[in-house]
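Per the working numbering, residue -9 is the first one in the sequence shown, and the count goes up by one each step.
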Amino acid sequence: LALAAAWELVARLQTRGAELVSLILLAAIGLHLMASSANLVMLFLGLEVASISLYVVAGFTRHRVTADESAMKYFLLGSFASAILLYGIALVFAATGSTSIYGATGVAATLDTVLLRSDGVLLAGIALIIVGLGFKISAAPFHQWAPDVYQGAPTGVVGFMAAGVKIAGFAAMARVLSVALGTRADDWAPAIAVLAVASVLIGSVMAIAQSDIKRMLAYSGVAHAGFMLTAIVAGVEGIPSLWFYLATYAIQLIGAFAVVGVVGGSAAGGSAIDDYAGLGERAPKLAVAFTIFMLAMGGIPLTSGFIGKAGVFSAAISADYLWLAIVALVGAVVGLYFYLRIIVVMYMRPPAEAPGTAIAAPAATQMSRLVIWVAAVATIALGIAPWPLLHVVRDALPL
């Protein structure tokens, strides 16, 4: 879906377009490896394959200064996060003598059968792993890279960068914490709860202040990372709710960034919210699709976002984190403001009020229209009839 949404950019790049496609596919390989690894070292290698590819993708349109800035910030902060994650893995190995998640000699089995004389090394390793993966999923306070990278990277591929990294990052975090370190949940669950609260509150408040829609979606992603972390605190029991949220949110992100690519151009660095003034009149179908994505991200009933939020809140409550669910619910209500603000701009503000806004309707390619409507239909369908996907994730475990 992401490549289809970015195909106009690929075609415009001509011979360099093949390089962009190759980098995206290479990043996908790394993300798959990261999400499916049963060994902490292989997980790190998958993360590095994906990260290095995405550093290049972020700065691919180098004729814009913001693209170079985006790539450099992503590279520098990502390198620090990778080093922190690797150090955490090394400490876990020092404490348990293994980097395998499963098996008779794995981390989980060791912690089940061996009594550690001192927990200090293990706890430090857990903390560093949480920090390293927290960067990848853009959880606060490790989210500083996301707004600048989203704004500077080519719009056509930001949807893949945002959705793919979140899926792989949460898959890895769920496997490491719930399986390898499941017996130490009392140590890491409170820390995850604090990260969830910080992400929801910081993401929601900062999104309100944005005038660029890509930065707004970046801070929205920080808040959504917080919602998904509320399912992590429930351990294995929260995994099905996490998978449902990830699947539906990824679809919403791809669709939303496809719309942003149509309105602002697939290679553009930024996209002012004022550019959406009068979109309901200029491009009614595009505005309807974007409205669906905004309502779903806000958790409005009859969209997949509502089912996803209900699931992760229920998981937190079942794990005796009622206070966390209440805080997350308050954050979700606050988040409605900036989603509804976009809808108001599209339908209630004439284009003339936005300086520089073209009156003509944005030109969407056939591929972009296909991606937008596939995502919009899936968002509504999984909100009205979520059972097919719920049945798939019901028995899902991070194995």
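Idealized CB from N, CA, C, for every residue including glycine.
Close-in-space but distant-in-sequence residues of the same chain around residue i (CB under 6 angstroms, 5 per side omitted)
i     : result
A277  : L269, G270, M336
K156  : I127
F247  : V148, G149
L219  : I182, L185, A186
G20   : G36, V39, A40
F303  : A315
L(-9) : I244, V361
L118  : I74, Y77, G78
Chain C within 8 angstroms of residue i, Cβ atoms only
i    : result
I290 : Among the chains in the structure shown there is no chain C, since it carries only a single protein chain.
Simplified DSSP assignment, three categories, for residue i
i    : result
S90  : strand
I116 : helix
D202 : strand
A224 : coil
A262 : strand
Cα-Cα separation between residue i and residue j, rounded to whole angstroms
i     : j    : result
G78   : F34  : 11 angstroms
T51   : T86  : 45 angstroms
A368  : Y209 : 24 angstroms
F150  : I244 : 7 angstroms
Q356  : H53  : 26 angstroms
T281  : A1   : 28 angstroms
L314  : P340 : 41 angstroms
K126  : I74  : 12 angstroms
T173  : Y140 : 37 angstroms
A273  : V252 : 11 angstroms
M338  : A267 : 8 angstroms
L(-1) : V361 : 15 angstroms
P131  : G154 : 20 angstroms
S60   : D177 : 35 angstroms
A8    : M163 : 32 angstroms
G373  : A221 : 19 angstroms
L13   : G298 : 31 angstroms
L3    : A17  : 19 angstroms
L44   : M24  : 14 angstroms
Q200  : G325 : 13 angstroms
V190  : V317 : 8 angstroms
W363  : G225 : 35 angstroms
Y239  : A170 : 26 angstroms
G311  : P180 : Residue identity differs from the one stated: residue 311 is Tyr in this sequence, not Gly. Each residue's alpha carbon lies about 9 angstroms from the other.
A99   : H22  : 25 angstroms
Chain-order list of residues whose beta-carbon lies under 8 angstroms from that of residue i (same chain, five-residue window excluded)
i    : result
E227 : A305, S308, A309
N29  : T89, S90, I91
Y327 : I198
W135 : K63, Y64, L67, G68, F125, S128
Given residue i as reference, the closest of the options once Cα atoms are compared
i     : options                : result
G122  : A48, A224, S41         : S41
L380  : Q4, V212, A237, G216   : A237
L185  : I120, V47, L285, T293  : I120
A48   : P144, V31, A215        : P144
V97   : L66, R165, G146        : R165
P291  : G36, M163, P376, E9    : P376
L10   : L(-7), A25, L21, I229  : L(-7)
I411  : S168, A152, W135       : The structure shown does not extend to residue 411, since the chain is modelled only from -9 to 389, so the question has no answer here.
A279  : G142, S358, S231       : S358
A152  : Q4, I263, P378, G211   : G211
A(-4) : V317, V250, V334, F283 : V250
V55   : G295, D265, D138       : D138
D264  : A213, R331, M287       : R331
V71   : G142, L113, G159       : Checking the sequence, you will find Ala at residue 71 rather than Val. Out of G142, L113, G159, G159 has the C-alpha closest to the C-alpha of A71.
W233  : V382, L191, M196       : V382
Q242  : M284, I203, A224       : M284
I203  : H133, G254, A354       : G254
D102  : A175, A80, H133, G142  : A175
G146  : Y235, P378, I192, A354 : A354
V31   : R6, L15, D58, A80      : A80
R6    : A322, L76, V46, A262   : V46
H133  : G289, G301, A365, R205 : R205
Own chain, CB closer than 7 angstroms to residue i, minus 5 neighbours either side, in chain order
i    : result
F83  : T89
V320 : none
L113 : D177
A262 : S201, D202
Identify every run of the beta strand (DSSP E) within the stretch 52 to 90, keeping only runs that are complete inside it and at least 3 residues long; order them along the chain. none
In chain order, which continuous runs of the beta strand (DSSP E) of length 3 or greater are located wholly inside the stretch 264 to 294? none
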